[in-house]
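Asks:
In structure tokens form, the structure reads like this:
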């Protein structure tokens, strides 16, 4: 079955620690995205990538880093510089069409909490 | 002013009722409109995708777009308890030279048996 796999489902971070959230897709999609979701708020874009070895900052990139070494993989690192990391993190992917709306396919999410 | 406004609810209705969920937006550059359904602690799934003004129907779901009023709606007929979820509107368009996708904050819906 094609889809997006996020792991782990739950993650706990200690003070000063960097943690990495995994995202893998087998949909052969070019674009991948990371969103953060806080209770009662919409999705906020952290980073996105449209091609291997290239990525762009979203609206709330501070305190996060990403890499795109393979088309299928787009891991997100939450660094110690992110002072309020507790949130539900969603990875998504899509095809790219010029001047067309993207249809995003989402993973099941990772809940990150601070110990 | 937020680019997309969506009433967060929560909204609670009895089974079988018609549900109306709405979003307004401020930028006329948005051209594509989507509704996502998100069950608790899961990722959103695409429910409806529309481009032009008017109605699009899929089973019990109808998406309505009114570009002149910058207003979109999702109607659910014969609502079922399994429809209980958070519904997110989303829209995309070319803004300042780049494709931009914006989500509403989501409306939490509960259908009571």
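Residue numbers (the numbering used here), protein chains in the order written: chain A, 1181 to 1295; chain B, 832 to 944.
In this text, a Cβ means the ideal position worked out from N, Cα and C, and glycines have one as well.
Since the model is a prediction, treat every value here as computed from it, not as a measurement.
CB residue 1229 of chain A to CB residue 1212 of chain A, shorter than 9 angstroms?
Replies: Yes, these two residues count as a Cβ contact at 9 angstroms.
Asks: Counting Cβ pairs, one atom from each stretch, are 3 or more of them under 8 angstroms apart for the stretch 843 to 859 of chain B and the stretch 1222 to 1237 of chain A?
Replies: Touching, no.
Asks: So which of A:1189, A:1249, A:1194 has the shortest CA-CA distance to residue 1259 of chain A?
Replies: Ranking A:1189, A:1249, A:1194 by Cα distance to residue 1259 of chain A puts A:1194 first.
Asks: Name the chain B residues that come within less than 9 angstroms of residue 1252 of chain A, Cβ to Cβ?
Replies: Those within 9 angstroms of residue 1252 of chain A in chain B number zero; the least Cβ separation is about 17 angstroms.
Asks: Give me, in chain order, the residues of the same chain whose beta-carbon lies closer than 8 angstroms to that of residue 1263 of chain A; leave out the 5 immediate sequence neighbours on both sides.
Replies: Taken in chain order, the residues that qualify are 1243.
Asks: Does DSSP put residue 1218 of chain A in a helix, in a strand, or in coil?
Replies: In the structure shown, residue 1218 of chain A sits in coil (DSSP, three-state: anything other than H, G, I, E or B).
Asks: Beta-carbon of residue 1184 of chain A versus every beta-carbon of chain B: anything under 9 angstroms?
Replies: True, the Cβ-Cβ gap to chain B drops below 9 angstroms.
Asks: Quick one: give me the first and last residue of the beta strand (DSSP E) that residue 845 of chain B is part of.
Replies: Note, residue 845 of chain B: beta strand (DSSP E), 842 to 845.
Asks: Output the distance between the C-alpha atoms of residue 1265 of chain A and residue 1201 of chain A, rounded to the nearest integer angstrom.
Replies: Distance between the alpha carbons of residue 1265 of chain A and residue 1201 of chain A: 12 angstroms.
Asks: List the residues of chain B that residue 1235 of chain A touches, going by C-beta distances under 7 angstroms, in chain order.
Replies: Those within 7 angstroms of residue 1235 of chain A in chain B number zero; the least Cβ separation is about 14 angstroms.
Asks: Which residue spans inside the stretch 883 to 937 of chain B form an unbroken beta strand (DSSP E) run of at least 3?
Replies: Runs found: 885 to 889, 892 to 897, 902 to 907, 916 to 926, 929 to 934.
Asks: Answer yes or no: does any C-beta atom of chain B fall closer than 9 angstroms to that of residue 1202 of chain A?
Replies: No, residue 1202 of chain A lies away from the interface with chain B (no Cβ there is under 9 angstroms from its Cβ).
Asks: Chain A partners of residue 839 of chain B, CB-CB under 8 angstroms?
Replies: By Cβ distance, chain A contributes 1220.
Asks: Can you pull the DSSP bridge partners for residue 1213 of chain A?
Replies: Per DSSP, A:1228, A:1272.
Asks: Using the Cβ count rule (16 or more neighbours within 10 Å means buried), how would you classify residue 895 of chain B?
Replies: Label assigned to residue 895 of chain B: buried.
Asks: List the residues of chain B that residue 1286 of chain A touches, going by C-beta distances under 9 angstroms, in chain order.
Replies: In chain order: 867, 869, 873, 874, 875, 876, 877.
Asks: Is any beta-carbon of chain A found at less than 9 angstroms from that of residue 835 of chain B?
Replies: So yes, residue 835 of chain B belongs to the interface.
Asks: Look up residue 838 of chain B in the DSSP assignment and give the residues it is bridged to.
Replies: DSSP, once it has assigned bridges, lists no residue as partnering residue 838 of chain B.
Asks: Within its chain, find whatever has a CB closer than 6 angstroms to the CB of residue 1253 of chain A; leave out the 5 residues flanking it on each side and keep chain order.
Replies: Closer than 6 angstroms at Cβ, skipping near neighbours: 1204.
Asks: Please report how far the alpha carbon of residue 929 of chain B lies from the alpha carbon of residue 1290 of chain A, in whole angstroms.
Replies: In a straight line, the C-alpha of residue 929 of chain B is about 28 angstroms away from that of residue 1290 of chain A.
Asks: From residue 1210 of chain A to residue 1282 of chain A, what distance separates their C-alpha atoms?
Replies: Cα to Cα, the separation comes out at about 11 angstroms.
Asks: Measuring only the C-alpha atoms, how far is residue 889 of chain B from residue 879 of chain B?
Replies: Spanning the two alpha carbons is a distance of roughly 8 angstroms.
Asks: Please report how far the alpha carbon of residue 942 of chain B lies from the alpha carbon of residue 897 of chain B, in whole angstroms.
Replies: In a straight line, the C-alpha of residue 942 of chain B is about 27 angstroms away from that of residue 897 of chain B.
Asks: Leaving out the 5 sequence neighbours to the left and right, which residues in its chain are closer than 6 angstroms to residue 902 of chain B when beta-carbon positions are compared?
Replies: Around residue 902 of chain B: 855.
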